[in-house]
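Colleague: Quick one: this structure, given as structure tokens, is what I'll be asking you about.
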Amino acid sequence: MRRFLPLLTSTAALALIVPQVACAQMQGPALGLSQQAVTGAYQAPNSIQPETTLSISAQSTVKREPDIAYINAGVQAEGETATAAMESQAEAMTGVFDALEKAGVAKKDMQTSNFSLWPRYTYIETKLKDGSSRGEQKLIGYTASNQLTIKVRDLDNLGSTLDSLVKAGGNTFNGLNFALDDDAEVRDEARRQAMADARARADLYAEAAGLRVLRIVTISENGNYSPSPMPMARMQEAKMADAVSTPMAGGEVGYSATVNVVFELGK
115 MRRFLPLLTS TAALALIVPQ VACAQMQGPA LGLSQQAVTG AYQAPNSIQP
165 ETTLSISAQS TVKREPDIAY INAGVQAEGE TATAAMESQA EAMTGVFDAL
215 EKAGVAKKDM QTSNFSLWPR YTYIETKLKD GSSRGEQKLI GYTASNQLTI
265 KVRDLDNLGS TLDSLVKAGG NTFNGLNFAL DDDAEVRDEA RRQAMADARA
315 RADLYAEAAG LRVLRIVTIS ENGNYSPSPM PMARMQEAKM ADAVSTPMAG
365 GEVGYSATVN VVFELGK
């Protein structure tokens, strides 16, 4: 029995040593986390303070005296058949083209904007023997329409041009608009004024807040640049003497631009 006692003692000692080593290995990472918690909260790298920004939308309108006019007018004719309506419309339209050319309108300044042909019906109600009635549509003819967009460069003769169109057979009128033949300069001027207004307002807000404008973050503009509402004229039947033409007034046309600017403010 004594020969086996040392062996059992050694085994027991080894069993005591192994758990101690394992405990030491487990305590290492736990101690490291505890130290990190003591040093302070975790901060993400590259974190920055959000900038102070100001968004402003500014609009400017620049007005000029027009130098061209667009007329939208044409001919509408009726006939018992589609062919008859088309022929009647074509004859009147030929006279309109000739009259416009004599008035000084170039062929390149005349463009067909709409051409259509449609049937015309009437409603007929028939009484039946039992006292009831029955309604039905009956074809009575066709209507042909040809519309032109005409660019008039000589505004001094705009009234006489309209009179010539009516006398030649033009019997429909959809509008008269004034514009600038080359509007690039006036559009750029509207952009410059809108941008200057946006910067002036940004300086005002920054000063009121005790800050200053550091830089422009983004600039965008509205994509549509169209003339503001223009004076309109109504075409009247020429009942006066040939020497007197329909009076016209072009007034002014305005082009607007809108910019959206984001500014960065700071001390």
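Under our numbering, the first residue of the sequence shown carries the number 115, and numbering increases by one thereafter. Even glycine gets a Cβ: it sits at the ideal position worked out from N, Cα and C.
1) Report the rounded CA-to-CA distance for residue 192 versus residue 363, giving the unit in angstroms.
2) In its own chain, which residues sit with a C-beta less than 6 Å from the C-beta of residue 303, not counting the 5 before and 5 after it?
3) Please determine, among 332, 185, 333 and 228, the residue with the shortest C-alpha to C-alpha distance to residue 266.
4) Locate the alpha helix (DSSP H) running through residue 273, then write down its first and last residues.
5) Which term fits residue 296, buried or exposed, when burial requires 16 or more other beta carbons within 10 angstroms of its beta carbon?
6) If you run the structure through DSSP and keep just helix, strand and coil, what is residue 202?
7) Tell me whether residue 179 sits in a helix, a strand or coil according to DSSP, three-state version.
8) Excluding five sequence neighbours on each side, which residues of the same chain lie with their C-beta closer than 7 Å to the C-beta of residue 309?
9) Alpha carbon to alpha carbon, how far is residue 180 from residue 319? Give it in angstroms, no decimals.
10) Count the other CB atoms, across all protein chains shown, that sit within 10 Å of the CB of residue 143; report buried if there are 16 or more and exposed otherwise.
11) Indicate whether the contact test is met: 3 or more Cβ pairs, each with one atom in the region 208-224 and one in the region 259-273, closer than 8 Å.
12) Locate the beta strand (DSSP E) running through residue 266, then write down its first and last residues.
13) Skipping 5 residues on each side, what residues in its chain have a beta carbon closer than 6 Å to that of residue 272?
14) Out of curiosity, what's the CA-to-CA distance linking residue 279 and residue 248?
15) Taking 8 Å as the limit between beta carbons, can you name the residues of its chain near residue 231, skipping five residues before and five after?
16) Opposite residue 241 in the DSSP bridges: which residues?
17) Please check the pair residue 189 and residue 275, which I expect to be a contact at CB under 8 Å, by giving their CB distance rounded to whole angstroms.
18) Flag this pair as yes or no: are the beta carbons of residue 254 and residue 236 separated by less than 8 Å?
19) State the Cα-Cα distance for the pair residue 206 and residue 224, rounded to the nearest angstrom.
20) From the DSSP output, read off the bridge partner residues of residue 326.
21) Can you have a look at residue 174 and say buried or exposed, based on whether 16 or more other CB atoms are within 10 angstroms of its CB?
22) Measure the C-alpha to C-alpha separation of residue 328 and residue 298 and round it to an integer number of angstroms.
Modeller: Looking at the coordinates:
1) 34 Å
2) 176
3) Closest by alpha carbon: 185.
4) Counting along the chain, the unbroken alpha helix (DSSP H) around residue 273 starts and ends at 272-281.
5) exposed
6) Annotated three-state conformation of residue 202 is helix, per DSSP.
7) coil
8) Within the same chain, residue 309 has close Cβ partners 373.
9) Taking the straight line joining both Cα atoms gives about 38 Å.
10) Reliability of the predicted coordinates at residue 143 is poor, the pLDDT of 44 falling under 50, and no value is obtained from them.
11) yes
12) 247-266
13) Hits under 6 Å: 183, 266 and 362.
14) 45 Å
15) 196, 199, 200, 256, 257, 258 and 259
16) 247
17) The Cβ separation is near 16 Å, so there is no contact.
18) yes
19) 16 Å
20) 380
21) buried
22) 31 Å
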